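Visitor: Following this message is one structure expressed as structure tokens.
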Amino acid sequence: MLSVQNKVISQASEVTKEVILDLYSTTLPEGLNIADLGCSSGPNAVQQIHDIIDFVDQKRRQLGRTSPEFHCFLNDLPGNDFNTVFKGLPAFYEKLKAEKGSDFGPCFIAGVPGSFYERLFPRNSTSCCILF
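What the sequence shown shows, in this note's numbering, is residues 42 to 173, in sequence order.
Okay, here's the thing in structure tokens:
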């Protein structure tokens with residue numbers, strides 16, 4: 042059974058995909074900086090990042106491009122258990138490597154504690170921000 046959060050994420054996925062692919066296709070960046078504002082500390086924490094990577098990887102293969110670097114920032118309030126998220130990253134990276142092959146990436150993920158009601162990043166440093 043899907044959680045309410047997963048249902049909302051699934052419904053918003055197509056809009057997110059359209060926007061991300063438009064951004065990638067028009068700018069063809071060497072790197073994408075993605076911020077997930079208000080991420081969770083459970084299994085959903087990197088799901089949005091995985092979906093965006095999937096969208097972009099499929100598009101770059103269609104266009105015959107090399108893979109961009111993915112710089113991913115997981116943001117939540119300082120009370121979020123980022124350690125739980127970080128412990129799952131080795132498995133996440135292995136999954137990406139198995140799915141995407143040796144010509145993918147790299148992908149870097151960092152935690153950014155703080156409120157998204159305040160400035161979290163330098164100007165012009167993110168390609169897109171997602172919030173679910």
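By construction, the Cβ of each residue, glycine as well, lies at the ideal position given by its N, Cα and C atoms.
What you are looking at is a predicted structure, and each value in this text was computed from that prediction instead of being measured.
1. Sort out for me which residues DSSP pairs H91 with in a bridge.
2. Is the separation between the beta-carbon of A86 and that of F114 shorter than 7 Å?
3. Classify F111 as helix, strand or coil using the three-state DSSP reduction.
4. Taking all protein chains shown into account, do 16 or more other C-beta atoms lie within 10 angstroms of the C-beta of L118, making it buried, or fewer, making it exposed?
5. Please report the distance separating the alpha-carbon of I61 from that of F162.
6. When the Cα atoms are used, what is the spatial distance from R134 to C148?
7. Taking the straight line between their C-alpha atoms, what separation do you get for G129 and D63?
8. Return yes when the Cβ of N124 is within less than 7 Å of the Cβ of L78, no when it is not.
9. Please determine, among P154, D92 and D144, the residue with the shortest C-alpha to C-alpha distance to N121.
Guide: Concretely, from the data shown:
1. Answer is none; H91 lacks a bridge partner.
2. no
3. strand
4. exposed
5. 19 Å
6. It should be pointed out that residue 134 corresponds to Tyr in this sequence rather than to Arg. The straight-line gap from Cα to Cα measures roughly 8 Å.
7. 30 Å
8. Taking C-beta atoms as the reference points, L78 and N124 fail to come closer than 7 Å.
9. P154
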